[in-house]
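Residue numbers (the working numbering): 111 to 521.
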């Protein structure tokens with residue numbers, strides 16, 4: 111077998127070299143290369159876009175909400191935060207866990223935003239210096255983030271573009287904020303920044319302020335906050351035992367909420383998209399395999415005389431099968447080179463120049479996102495070459511049924 115392999119490869123190479131110009135073989139070969147290239151490029155770009163959507167929306171969600179949120183249990187499910195201690199055993203033990211990347215404190219309080227002409231309800235989220243502002247700053251379209259003060263609370267307010275447009279506000283404008291409590295409180299605050307995510311759950315509801323403001327309004331000590339937000343080093347750990355570990359260290363009056371439960375509609379959408387991508391890729395795999403089988407059958411039929419001559423000279427069926435297997439493999443590899451180049455080129459152009467726009471209200475982003483994941487590209491290429499390598503043996507089975515005498519006479 112090893113002795114025959116170089117001969118088979120040599121003949122396959124000569125067949126490939128002879129299939130040029132405007133011959134029928136050349137046309138069929140180029141069609142096969144083009145179909146494989148187009149199919150592979152489509153598969154790679156599909157995964158780039160899917161991963162891009164998932165990453166983009168996840169980043170937007172994680173800029174407002176951590177993987178795990180721990181709050182005081184409230185049977186009424188009020189939007190108003192109940193106080194938790196920053197010196198609690200739960201907080202300290204969670205901070206010491208090797209799986210935990212970062213913990214930040216937060217509080218929530220319903221508020222009314224009032225201008226001379228409009229009044230709108232909102233949910234004020236209080237954050238402190240431990241807040242991951244770098245992650246959030248990606249959402250800011252105007253202005254900056256809160257300027258925290260060591261001695262007192264900051265009057266800076268971050269609102270969404272939705273609120274800014276409805277209330278006709280711009281950076282450095284002042285706004286009256288009413289807090290519904292007994293007795294009611296009023297604060298005059300300054301618009302420090304305007305953010306936009308395209309996600310109504312955030313844009314139509316949440317404004318960001320200093321957590322110290324809520325502590326003062328609620329008469330809390332500095333050691334009290336509305337809850338803890340826990341970021342894990344690996345998001346996949348969330349449902350691989352990490353939730354249970356957190357529950358084990360929590361006090362009886364605490365409540366745990368995961369980001370996948372809180373924003374279940376997004377993560378269910380990701381799962382649906384993933385299933386659709388897999389189905390789509392399976393169809394493309396099938397079409398690519400069908401095309402290469404059809405092309406190889408045509409090439410075998412076109413080379414019937416050559417097959418008959420080789421058999422007449424004593425060549426075995428396995429040797430001739432290898433010749434056409436290597437010939438088909440060369441076609442596939444050429445198509446894959448072109449396909450990878452096309453996919454990377456399309457991905458780069460979209461990533462760099464944002465050529466394809468999207469409706470923000472529908473897709474939560476202004477342009478088609480691209481995520482560069484080398485592992486996906488490698489896996490797709492390996493799967494394609496393995497599956498097609500197996501499929502290539504199917505059309506070569508016809509060689510065993512070709513009679514040398516009839517083949518030599520065949521024209």
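For every residue, glycine included, the Cβ atom is placed at its ideal position computed from N, Cα and C. As the structure is a computational prediction, the values presented were derived from the model and not from experiment.
Which residue from the options puts its Cα closest to that of residue i?
i	options	result
residue 175	452, 236 and 455	236
residue 464	162, 139 and 144	162
residue 404	486, 220 and 146	146
residue 197	338, 412, 429 and 457	338
residue 232	385, 458 and 222	222
residue 288	466, 486, 323 and 121	323
residue 396	139, 495 and 359	495
residue 447	468, 487, 211 and 242	487
residue 449	355, 180, 155 and 332	155
residue 116	286, 332, 429 and 140	429
residue 365	302, 483, 182 and 325	182
residue 410	301, 389, 385 and 503	503
residue 484	148, 457 and 266	457
residue 373	144, 148 and 179	179
residue 350	120, 121 and 209	209
residue 577	425, 262 and 472	Outside the shown range of the chain (111 to 521) lies residue 577, about which nothing can therefore be said.
residue 141	441, 359, 121 and 466	441
residue 54	333, 379, 414 and 353	The question about residue 54 has no answer, for the chain in this structure spans 111 to 521.
Go ahead and label residue i buried or exposed: buried means 16 or more other beta carbons lie within 10 angstroms of its beta carbon, across all protein chains shown.
i	result
residue 275	exposed
residue 328	buried
residue 277	buried
residue 206	exposed
residue 214	buried
residue 160	buried
residue 291	exposed
residue 522	Residue 522 is absent from the structure shown; the chain starts at 111 and stops at 521.
residue 435	buried
residue 382	exposed
residue 398	buried
residue 401	buried
residue 421	buried
residue 269	buried
Would you call the CB atoms of residue i and residue j closer than 7 Å?
i	j	result
residue 306	residue 271	yes
residue 443	residue 151	no
residue 153	residue 498	no
residue 220	residue 189	yes
residue 348	residue 177	yes
residue 309	residue 474	yes
residue 317	residue 234	yes
residue 158	residue 480	yes
residue 217	residue 336	yes
residue 343	residue 211	yes
residue 80	residue 143	This structure cannot speak to residue 80, because the chain is shown only from 111 to 521.
residue 253	residue 302	yes
residue 149	residue 394	yes
residue 492	residue 121	no
Less than 7 Å between C-beta atoms, sequence neighbours within five positions excluded: which residues of the same chain meet that for residue i?
i	result
residue 184	192
residue 264	256, 257, 258 and 320
residue 376	167 and 171
residue 286	224, 296 and 298
residue 330	193
Which residues in the same chain as residue i place their Cβ atom closer than 6 Å to its Cβ, once the five residues preceding and following it in sequence are excluded?
i	result
residue 431	506 and 509
residue 369	175 and 177
residue 529	No answer is possible for residue 529: the residues shown for the chain start at 111 and end at 521.
residue 114	Residue placement at residue 114 is flagged as unreliable, the pLDDT there being 45, under the threshold of 50; the coordinate-derived value follows with that caveat. Cβ neighbours of residue 114 beyond the five flanking positions: 429.
If you follow the alpha helix (DSSP H) that residue i is in, where does it begin and where does it stop?
i	result
residue 438	427-463
residue 297	Counting along the chain, residue 297 falls outside any alpha helix (DSSP H), though it belongs to the beta strand (DSSP E) covering 295-305.
residue 408	374-412
residue 214	From DSSP, residue 214 is part of no alpha helix (DSSP H) but of the beta strand (DSSP E) over 210-224.
residue 473	470-473
residue 364	It is not in any alpha helix (DSSP H) - residue 364 instead sits in the beta strand (DSSP E) that spans 364-368.
residue 155	134-172
residue 537	Absent from the model: residue 537. The displayed extent of the chain is 111 to 521, so no value can be given.
residue 246	243-246
Suppose the cutoff is 8 Å on Cβ atoms and the five residues either side in sequence are ignored; what does the same chain contact list for residue i look like?
i	result
residue 249	170, 173, 305, 306 and 307
residue 361	198, 199 and 200
residue 134	412
residue 229	222 and 223
residue 245	169, 172 and 173
Tell me which residue opens and which closes the beta strand (DSSP E) that residue i is part of.
i	result
residue 499	Unbroken run through residue 499 is the alpha helix (DSSP H), 484-501; no beta strand (DSSP E).
residue 267	266-270
residue 287	284-289
residue 480	Counting along the chain, residue 480 falls outside any beta strand (DSSP E), and DSSP gives it neither H nor E.
residue 589	This structure does not reach residue 589, given that the chain is present from 111 up to 521, and the question cannot be answered.
residue 235	229-237
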